[in-house]
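*Asks:*
Residue numbers (our numbering), protein chains in the order written: chain D, 1 to 331; chain U, 332 to 662.
1) For a minimum of 4 consecutive residues, which ranges assigned as the alpha helix (DSSP H) are wholly contained in the stretch 587 to 649 of chain U?
2) Helix, strand or coil, according to DSSP, for residue 550(U) in the structure here?
3) Could you spell out where the beta strand (DSSP E) holding residue 409(U) opens and where it closes?
4) So, do the stretch 606 to 620 of chain U and the stretch 397 to 415 of chain U have three or more beta carbon pairs nearer to each other than 8 Å?
5) What's the C-alpha gap between residue 623(U) and residue 585(U)?
6) Across which residues does DSSP place residue 484(U) in a beta bridge pair?
7) Is the Cβ of residue 93(D) closer than 9 Å to any Cβ of chain U?
8) Just confirm the distance between the C-beta atoms of residue 442(U) and residue 423(U), as a whole number of angstroms; I'd bet it's less than 8 Å.
9) For residue 658(U), which of helix, strand or coil comes out of DSSP?
10) Determine, using beta carbons only, whether residue 379(U) comes closer than 9 Å to chain D.
11) For residue 583(U) and residue 559(U), what's the separation of their Cα atoms in angstroms?
12) Rounded to a whole number of angstroms, what is the C-alpha to C-alpha distance between residue 567(U) and residue 587(U)?
13) Which of helix, strand or coil does DSSP assign to residue 137(D)?
14) Taking the continuous beta strand (DSSP E) assigned at residue 107(D), which residues delimit it?
15) When we look at the beta-carbon of residue 269(D) and count the other beta-carbons within 10 Å, is it buried (16 or more) or exposed?
16) Which one of 428(U), 385(U), 340(U), 384(U) has the shortest CA to CA distance from residue 412(U)?
17) Quick one: residues in its chain with C-beta nearer than 6 Å to the C-beta of residue 17(D), no 5 flanking neighbours on either side, listed in chain order?
18) If you measure between the beta carbons of residue 336(U) and residue 360(U), is that distance less than 9 Å?
19) Can you find the residues in the same chain that come closer than 8 Å, C-beta to C-beta, to residue 456(U), ignoring five residues on each side of it along the sequence?
20) Using the C-alpha atoms, what's the distance from residue 550(U) back to residue 580(U)?
21) Count the C-beta pairs between the stretch 172 to 180 of chain D and the stretch 141 to 158 of chain D that are closer than 8 Å, then say yes if the count reaches three, no if not.
22) In terms of DSSP beta bridges, what is residue 380(U) paired with?
23) Work out the CA separation of residue 543(U) and residue 14(D) for me, nearest whole Å.
24) Should residue 144(D) be labelled buried (16 or more other beta-carbon atoms within 10 Å of its own) or exposed?
25) I need the straight-line Cα distance from residue 383(U) to residue 184(D), nearest angstrom please.
26) Between residue 355(U) and chain D, is any beta-carbon pair separated by less than 9 Å?
27) Given a limit of 8 Å on CB to CB distance, which residues of the stretch 385 to 404 of chain U reach chain D?
28) By alpha-carbon positions, which one of 499(U), 629(U), 433(U) ends up nearest to residue 655(U)?
29) Can you tell me whether residue 454(U) is helix, strand or coil according to DSSP?
30) Using a Cβ-Cβ cut-off of 9 Å, state whether residue 364(D) counts as contacting chain U.
31) Of the choices 214(D), 215(D), 216(D), 234(D), whose alpha-carbon is the least far from that of residue 223(D)?
32) Return the chain-ordered list of same chain residues with a C-beta closer than 7 Å to the C-beta of residue 473(U), the five sequence neighbours on each side being excluded.
33) Indicate the three-state DSSP secondary structure (helix, strand or coil) for residue 431(U) in the structure shown.
34) Find the residues of chain U that neighbour residue 51(D), judging by a C-beta separation of less than 9 Å, and give them in chain order.
35) Mind checking if residue 222(D) is an interface residue toward chain U, Cβ cutoff 9 Å exclusive?
36) Is residue 526(U) buried or exposed, if buried means 16 or more other CB atoms sit within 10 Å of its CB?
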């Protein structure tokens, strides 16, 4: 237990329920394509009944990133809440079988394990409806102080800002990480999540975040920018490293006066973009932990994101370390 | 409720838990690649703990066939037992969301919903470890007589011969189907299943079965044949129609003096063969229900099997009817 952790993630512990749908279905059920919305238990029930046949795969934004890091053989840990039900067992199995340290005990009472009903359209885009369930019980007491203290990087998802006790846990963990010489990484998660918490996110990024992950829509929402270039310059003085993803246009890394533009990994067929941002972060943080140049960190991110969008589900199906070796990114 | 059903399936109601594994893992855990073995709750627990991260998808042999038929817009029904737990809800959702008539109520007590731990090796082969759970509670009282009476074809899986009350249900349903002018179809399921019940299967095929599905290993095991040709001739006088699948060599349909050899559907990449036989049966029965020539029924079978092996999981991910139209099999 005295070993360092490369990355410790704190996030919602969610099982994804993925089904194919057409654009009409999204419209009929009031969804905005490509975004995430929070739903309650009753709405989750209604929507599930209306959806087609599904596949269940462990998910959760930070948890996907941590799974990706573990698949690259990084030492990783995760904190998040599940119930002691069947889906909770699935989540725990999937993350621990990758060798991830997962100290959080399953809750024996209360709401069931959280789930995200993901509608995947023909174009590979995913539209998410999240019932947080047990996940929203995460509070400051769940922050395993020993785990945070031994993490090189603490990785947090913006979605944690939705339930107030999780936000408290978030601040506590960030403070602990910095006290112990760790860095704090944050992903903005979703443009609507940014709209819900813009002012707080801006302060947080400036005061607490060392490495920021965001896609184009999120970074533009954060700084009310009219163009990506404007958002890119707005974030530059706010945070030491910002890794900004732009879907098929690859990613842009900002660090002080440096700007690295790295093209996307070529993908022959986009099956499902669920988890693309999460896996980009996994690859990027893996590179960073090995002190690679920032442009190679971005290449690692693109590689992992490229794998994840080639199949259904947000957890890697192939050996990412092998893939990186093939591409010359790992010796 | 007075409408006819094209096909009514009776089978184990199972959720598949699919994970990648290497050949070494199979050997270390005493499995024979490509086969199915029954395990108890404790062994299921042990094996699950040893497996890597998994994906959960509804399965069950006859249930997969019924799902395939529904995906082709056939009127289909299913009888099988789940518990009222989370995996049971998943199974029920997936099959009913396809429009399948599923009259069996979930059990409120006893063992949890059955699951099949499927190890998928690099070559795409699947090796199955089935914990029947609630599924083995299926008995004669669960045979919905109204549903059987209105089925054109009753479809049964050989796996039902393992738990004795299910076998009783099997015979009751077959008798009812014939009394109401329906046909009885059977899949032999697995060579080990054939070895467990050879003598009974032989009598059953001769006395009760109108359409038999088997792969090469199964039909050879049934007639203790030394070659496929020998098995093919042994089955010929026993059953009106035998549809025999031979993996990449396609399938052979025997009907009286007729023999139709139909090549396999070309597949660029075999991801996971789970459900290939089940989906072949779906396509074949669909064609039969539309009075297509037997060789076209086999082509339909190959088409559906080809789709299922191109991805992880035993339920169709693409529109099979559309695929059939593209291939000129449907007008």
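Where a beta carbon is used, it is the ideal one built from N, C-alpha and C, also for glycine.
*Replies:* Looking at the coordinates:
1) Listed in chain order, the complete alpha helix (DSSP H) runs (minimum 4 residues) inside the stretch 587 to 649 of chain U are 607 to 620, 625 to 639.
2) Position 219 of the second chain, counting from 1, holds the residue named residue 550(U). Three-state DSSP puts residue 550(U) in a helix.
3) What you label residue 409(U) is simply residue 78 of the second chain in a count that begins at 1. DSSP places residue 409(U) in the uninterrupted beta strand (DSSP E) bounded by 407 to 410.
4) yes
5) Here residue 623(U) is taken as the residue at index 292 of the second chain, counted from 1. Here residue 585(U) is taken as the residue at index 254 of the second chain, counted from 1. The straight-line gap from Cα to Cα measures roughly 15 Å.
6) Looking up residue 484(U) in the second chain gives position 153. Looking at the DSSP output, residue 484(U) shares a beta bridge with 338(U), 514(U).
7) Within the first chain, the letter at position 93 stands for residue 93(D). So yes, residue 93(D) belongs to the interface.
8) Residue 442(U) sits at position 111 when you count from the first residue of the second chain. Residue 423(U) sits at position 92 when you count from the first residue of the second chain. In fact, because the Cβ distance is near 17 Å, the residues do not count as touching under 8 Å.
9) On the second chain, residue 658(U) is found 327 positions in, with the first residue counted as 1. Correct three-state label for residue 658(U): coil.
10) Locating residue 379(U) in the second chain gives position 48, counting from the first residue. Yes, residue 379(U) counts as interfacial toward chain D.
11) By one-based count along the second chain, residue 583(U) stands at place 252. By one-based count along the second chain, residue 559(U) stands at place 228. Answer to the nearest angstrom: the Cα atoms are 10 Å apart.
12) Along the second chain, read from residue 1 onward, the residue named residue 567(U) stands at position 236. Along the second chain, read from residue 1 onward, the residue named residue 587(U) stands at position 256. Their backbone Cα atoms lie some 6 Å apart in a straight line.
13) Numbered from its first residue, the first chain carries residue 137(D) at position 137. In this structure, DSSP gives residue 137(D) a helical state, which the three-state scheme calls helix.
14) By one-based count along the first chain, residue 107(D) stands at place 107. Where residue 107(D) is concerned, there is no enclosing beta strand (DSSP E), given that its DSSP letter is neither H nor E.
15) What you label residue 269(D) is simply residue 269 of the first chain in a count that begins at 1. Under a 10 Å Cβ-count criterion, residue 269(D) is classified as exposed, with fewer than 16 other Cβ atoms of the shown protein chains found around its own Cβ.
16) Walking along the second chain from the start, residue 412(U) turns up at place 81. The candidate whose alpha carbon is nearest that of residue 412(U) is 340(U).
17) The count along the first chain starts at 1 and reaches residue 17(D) at position 17. Excluding positions up to five away in sequence, the list reads 54, 56, 115, 117.
18) Counting from 1 along the second chain, the entry for residue 336(U) is found at position 5. Counting from 1 along the second chain, the entry for residue 360(U) is found at position 29. No, the Cβ-Cβ distance between residue 336(U) and residue 360(U) is not below 9 Å.
19) For the purposes of this step, residue 456(U) is taken as residue 125 along the second chain, with counting starting at 1. So the qualifying residues of the chain are 364, 365, 604.
20) As a working mapping, residue 580(U) is identified with position 249 in the second chain. As a working mapping, residue 550(U) is identified with position 219 in the second chain. Looking at the two C-alpha atoms, the distance is approximately 15 Å.
21) Enough Cβ pairs lie closer than 8 Å, so yes.
22) Looking up residue 380(U) in the second chain gives position 49. For residue 380(U), which the question treats as bridged, DSSP gives no partner whatsoever.
23) Here residue 14(D) refers to the residue found at position 14 of the first chain. Here residue 543(U) refers to the residue found at position 212 of the second chain. The straight-line gap from Cα to Cα measures roughly 43 Å.
24) By 1-based counting over the first chain, the position of residue 144(D) is 144. Result: buried.
25) Locating residue 383(U) in the second chain gives position 52, where the first residue counts as 1. Locating residue 184(D) in the first chain gives position 184, where the first residue counts as 1. Their backbone Cα atoms lie some 29 Å apart in a straight line.
26) Your numbering for residue 355(U) matches position 24 in the second chain. Under the Cβ criterion of 9 Å, residue 355(U) is not counted among the residues facing chain D.
27) 385, 386, 387, 388, 389, 398
28) On the second chain, position 324 is the one that residue 655(U) refers to. The shortest Cα separation from residue 655(U) among 499(U), 629(U), 433(U) belongs to 629(U).
29) The sequence position of residue 454(U) within the second chain is 123, counting from 1. Assignment of residue 454(U) by DSSP, reduced to helix, strand and coil, places it in the coil class.
30) Because chain D here runs from 1 to 331, residue 364(D) falls outside it and cannot be looked at.
31) For the purposes of this step, residue 223(D) is taken as the residue at position 223 of the first chain. Among 214(D), 215(D), 216(D), 234(D), the Cα nearest to that of residue 223(D) is on 234(D).
32) Working through the second chain from its first residue, we reach residue 473(U) at position 142. So the qualifying residues of the chain are 410, 412, 435, 500.
33) By 1-based counting over the second chain, the position of residue 431(U) is 100. Residue 431(U): coil per DSSP, three-state reduction.
34) For the purposes of this step, residue 51(D) is taken as residue 51 along the first chain, with counting starting at 1. Those are 424, 428, listed as they occur along chain U.
35) Here residue 222(D) refers to the residue found at position 222 when the first chain is read from its first residue. Closer than 9 Å: no.
36) Here residue 526(U) refers to the residue found at position 195 when the second chain is read from its first residue. Burial call: exposed.
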